[in-house]
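Heads up, the thing below is written out as structure tokens.
Protein chains: 2
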Amino acid sequence: MVRTKDPAVRAMLIERAAQMLAAREPITLRSLVAGTGVSTMALYTYFGGMDGLWKAVRQEGFTRLAARLATIPATADPVTDLTALGAAYLANALANPDLYRVMFEAGFELEDAAAADETLHYLVQGVERATAAGRFRAGVDPLELAVQSWTIGHGLASLVVTGPLPEAALGHGVPLLTALFTSAGDDPGRCRSSVERGWSPAV
Amino acid sequence: MVRTKDPAVRAMLIERAAQMLAAREPITLRSLVAGTGVSTMALYTYFGGMDGLWKAVRQEGFTRLAARLATIPATADPVTDLTALGAAYLANALANPDLYRVMFEAGFELEDAAAADETLHYLVQGVERATAAGRFRAGVDPLELAVQSWTIGHGLASLVVTGPLPEAALGHGVPLLTALFTSAGDDPGRCRSSVERGWSPAV
DNA sequence: CCTCAAAACATAGCATTGTTATGTATTGTG
DNA sequence: CACAATACATAACAATGCTATGTTTTGAGG
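Chains as they are written, first to last, in this note's numbering: chain A, 1 to 203; chain B, 1001 to 1203.
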């Protein structure tokens, strides 16, 4: 009774938008669909307009971020794992700087918050594992500490990606997180090994 | 030999742009000059175009921030002063959320970096005073610690101003900064008084 | 298998945007 | 006082996002 949408078209447009973003080409309605075979109306049937496209691009950004965080394995040292999650967060922002910028630009809405919460969940789980292992003081709220870790990661990523700080500043990530975890009760000596192992935010 | 520009017009346009930003009205060339008596060309003689206007608005944002930080007095407790600077930073972002967002949006350039450095200088001086008072471990790089403080402040301000975190999350500011300063060698017990005094990022 | 309506899709036009081209008015300077 | 450089105003321009209109496809009901 109805003609159905082709999900491949939607995915292709999002992918193309991400590529144009990485190539620093201005993304306009006509430039986006140029050469793709689809007309300008496709963007309205699949996204409802440019706002819808940007929302989908933000979702894509959070999906890529979550995929990257999912690759961090859970080792016997949960605090080191948390630091690794932070480094992976920074590495993702550095690898897709323009996409990361769009993720937190104006237009952030409820649906984006859900995607962001999913990302935050990785940190919450990490804090819970560390707490269960007795590495943090009893009474530490996992969500609270996860949000604080996120704040550090996003602050650093944002300042580097938007320009004020050079890429080298990403090296502050591990010390900042270590300071936070120490204040939550962890013995800084136990984390030293991971730092010496040379966690780098670079890919 | 030449007709001179009136600085008042330039200031008026920047002020009007800031007001429209706070009122969440879309800022377009024609809406900006509507009702001001000046024509659209004024924006080109004074700013060279919309990009120039946005650059001037960013500068205005950094100027307001610097003015707010300048009101923080230097007390006998330099570490508490640093915390107060952080709280003032957050209060400024909360009072002018849209302006703060524009300050760090795409388009950040060299001239903006100079303004940002001026802001950072308040933090560097604060760290230097604390180091001179023996509150931080010897060998602490003032610029490094200032950048780390900025990272925390901006991360929190950015996540609140763009939407992911609620305003209440600004309460994380003091604990995060305290954790950082403690890792730099300060005795957390000496800072407790300032926390108990109830530093609030709210105005 | 046929029908048909609903939705995808294409084309063209519209209002608005930032910018530039052109002309006028003003004013500081020699 | 004269003039030229510059502020300033008006209008036209290309490009943008969007909508109106028409066409084509296709999946469900008989």
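The beta carbon of each residue, even a glycine, is placed where N, CA and C say it ideally should be. Fair warning: this is a prediction, and the values are worked out from it, not measured in the lab.
By a C-beta neighbour count over all protein chains shown, 10 Å radius and 16 as the cutoff for buried, is Ala1184/B buried or exposed?
Residue 1184/B sits at position 184 when you count from the first residue of the second sequence. Buried, by the Cβ-count rule.
Check each residue of the region 73 to 104 of chain A: if its Cβ is closer than 7 Å to any Cβ of chain B, include it; give the result in chain order.
Arg101, Phe104
Would you mind giving the Cβ-Cβ distance between Phe1108/B and Thr162/A, rounded to the nearest angstrom? I have them listed as a contact below 8 Å.
In the second sequence, residue 1108/B corresponds to position 108, counting from 1. In the first sequence, residue 162/A corresponds to position 162, counting from 1. Yes, Phe1108/B and Thr162/A are in contact; Cβ-Cβ is about 5 Å, under 8 Å.
Quick one: what does DSSP say Phe1136/B is sitting in, helix, strand or coil?
Within the second sequence, the letter at position 136 stands for residue 1136/B. The answer is coil: DSSP assigns Phe1136/B none of H, G, I, E or B.
For a test of the three-state rule: what should DSSP assign to Val102/A, helix, strand or coil?
Along the first sequence, read from residue 1 onward, the residue named residue 102/A stands at position 102. Helix at Val102/A.
Between the Cα of Thr1036/B and those of Val1009/B, Leu1110/B, Glu1060/B, Leu1053/B, spot the shortest distance and give me the residue it belongs to.
Here residue 1036/B refers to the residue found at position 36 when the second sequence is read from its first residue. Thr1036/B has its Cα closest to that of Val1009/B, out of Val1009/B, Leu1110/B, Glu1060/B, Leu1053/B.
Check distances from the C-beta atoms of the region 48 to 62 of chain A to those of chain B and list, in chain order, the residues that come in under 7 Å.
none
Could you say if the region 1140 to 1148 of chain B and the region 1084 to 1092 of chain B meet the contact criterion of at least three C-beta pairs nearer than 8 Å?
no
Label Arg1058/B either buried or exposed according to how many other C-beta atoms from any shown protein chain fall within 10 Å of its C-beta, with 16 as the threshold for buried.
Against the second sequence, residue 1058/B aligns to sequence position 58. Arg1058/B should be labelled buried.
If the cut is a Cβ gap below 9 Å, which residues of chain B does Pro164/A touch?
Along the first sequence, one-based indexing puts residue 164/A at 164. Simply Phe1104, Phe1108, Asp1112, Ala1113, Ala1116, Asp1117, Leu1120, Trp1150, His1154.
Which whole-angstrom value is the C-beta distance of His1172/B and Gln148/A, which I expect to be below 8 Å?
On the second sequence, residue 1172/B is found 172 positions in, with the first residue counted as 1. On the first sequence, residue 148/A is found 148 positions in, with the first residue counted as 1. The pair is a contact, with the Cβ atoms about 6 Å apart (cut-off 8 Å).
Whole-angstrom distance between Arg64/A and Asn92/A, CA atom to CA atom
Here residue 92/A refers to the residue found at position 92 of the first sequence. Here residue 64/A refers to the residue found at position 64 of the first sequence. Distance between the alpha carbons of Asn92/A and Arg64/A: 8 Å.
Please confirm whether Val147/A has its beta-carbon closer than 8 Å to some beta-carbon of chain B.
Translated into positions along the first sequence, residue 147/A becomes position 147. Cβ-Cβ to chain B under 8 Å: yes for Val147/A.
Segment limits, alpha helix (DSSP H) that includes Phe1181/B
Residue 1181/B sits at position 181 when you count from the first residue of the second sequence. Start and end: 1173 to 1183.
Apart from the five residues just before and just after Leu1029/B, which ones in its own chain have a Cβ nearer than 8 Å to its Cβ?
If you number the second sequence from 1, residue 1029/B lands on position 29. Within the same chain, Leu1029/B has close Cβ partners Thr1040, Leu1043, Met1050.
In or out: Val102/A buried (at least 16 other Cβ within 10 Å) or exposed?
Residue mapping note: residue 102/A aligns to position 102 of the first sequence, counting from 1. By the neighbour-count rule (16 or more Cβ atoms within 10 Å), Val102/A is buried.
Report the residue from Ile152/A, Leu165/A, Leu13/A, Thr4/A whose alpha carbon sits nearest the alpha carbon of Pro1175/B.
As a position in the second sequence, residue 1175/B is number 175, starting the count at 1. Closest by alpha carbon: Ile152/A.
Taking Thr182/A as the query, report the chain B residues whose CB atoms sit under 8 Å from its CB, ordered along the chain.
Taking the first sequence and counting its residues from 1, the one referred to as residue 182/A is at position 182. Chain B residues near Thr182/A: Ala1179, Thr1182, Ser1183.
Span of the alpha helix (DSSP H), counted from its first residue to its last, around Arg58/A
As a working note, residue 58/A is residue 58 in the first sequence. Taken as a continuous stretch (DSSP letters only), the alpha helix (DSSP H) holding Arg58/A covers 50 to 70.
Mapping the DSSP letters down to three states, classify Thr1083/B as helix, strand or coil.
Here residue 1083/B refers to the residue found at position 83 when the second sequence is read from its first residue. Here Thr1083/B sits in helix by DSSP.
Could you have a look at Gly1163/B and say whether DSSP puts it in helix, strand or coil?
Within the second sequence, the letter at position 163 stands for residue 1163/B. Coil.
Mind checking if Leu176/A is an interface residue toward chain B, Cβ cutoff 8 Å exclusive?
Walking along the first sequence from the start, residue 176/A turns up at place 176. For Leu176/A, the answer is yes, since a Cβ of chain B falls inside 8 Å of its Cβ.
When the distance is taken between beta carbons, is Pro1078/B closer than 8 Å to Arg1129/B?
By 1-based counting over the second sequence, the position of residue 1129/B is 129. By 1-based counting over the second sequence, the position of residue 1078/B is 78. For Arg1129/B and Pro1078/B, yes; Cβs fall inside 8 Å.
Of the listed residues Ala1157/B, Pro1166/B, Ala1133/B, nearest to Asp1187/B (C-alpha basis)
By 1-based counting over the second sequence, the position of residue 1187/B is 187. Ranking Ala1157/B, Pro1166/B, Ala1133/B by Cα distance to Asp1187/B puts Ala1133/B first.
Residue span of the alpha helix (DSSP H) that contains Pro7/A, given as start and end
Taking the first sequence and counting its residues from 1, the one referred to as residue 7/A is at position 7. Taken as a continuous stretch (DSSP letters only), the alpha helix (DSSP H) holding Pro7/A covers 7 to 22.
Thinking C-beta only, is Ala1116/B closer than 8 Å to Pro164/A?
Translated into the one-based positions of the first sequence, residue 164/A becomes position 164. Translated into the one-based positions of the second sequence, residue 1116/B becomes position 116. Taking 8 Å as the Cβ cut-off, Pro164/A and Ala1116/B qualify as a contacting pair.
Under 7 Å from the C-beta of Ala1130/B: neighbouring residues of chain A:
Residue numbering aside, residue 1130/B sits at position 130 when the second sequence is read from its first letter. Chain A residues near Ala1130/B: none, gap ~16 Å exceeds 7 Å.
With DSSP collapsed to three states, give me the class of Val33/A.
On the first sequence, position 33 is the one that residue 33/A refers to. Three-state result, Val33/A: helix.
Between Ala1022/B and chain A, is any beta-carbon pair separated by less than 8 Å?
Counted from its first residue, the second sequence places residue 1022/B at position 22. No, Ala1022/B lies away from the interface with chain A (no Cβ there is under 8 Å from its Cβ).
Quick check on the burial criterion: 16 or more other C-beta atoms within 10 angstroms. Buried or exposed for Thr75/A?
Here the question's residue 75/A lines up with position 75 in the first sequence. By the 10 Å Cβ count, Thr75/A comes out exposed.
Is the distance from the Cβ of Gly1061/B to the Cβ of Tyr1100/B below 8 Å?
Working through the second sequence from its first residue, we reach residue 1061/B at position 61. Working through the second sequence from its first residue, we reach residue 1100/B at position 100. In this structure, Tyr1100/B lies closer than 8 Å to Gly1061/B by Cβ.
Which value, in whole angstroms, describes the spacing of the CA atoms of Pro1166/B and Val1160/B?
In the second sequence, counting from the first residue as 1, residue 1166/B sits at position 166. In the second sequence, counting from the first residue as 1, residue 1160/B sits at position 160. In a straight line, the C-alpha of Pro1166/B is about 6 Å away from that of Val1160/B.
Spatial distance of Ala202/A from Thr182/A (CA atoms):
Position 202 of the first sequence, counted from the start, is the residue given in the question as residue 202/A. Position 182 of the first sequence, counted from the start, is the residue given in the question as residue 182/A. Low per-residue confidence applies at Ala202/A: pLDDT is 42, beneath 50, and the placement is therefore not dependable enough to give any value.
Below 8 Å between beta carbons: does that hold for Leu1170/B and Leu1094/B?
The residue labelled residue 1170/B in the question sits at position 170 within the second sequence. The residue labelled residue 1094/B in the question sits at position 94 within the second sequence. Yes, the pair counts as a contact, with Cβ atoms nearer than the cut-off.
Buried/exposed call for Val127/A, threshold 16 Cβ in 10 Å:
Residue numbering aside, residue 127/A sits at position 127 when the first sequence is read from its first letter. Per the 10 Å Cβ criterion, buried.
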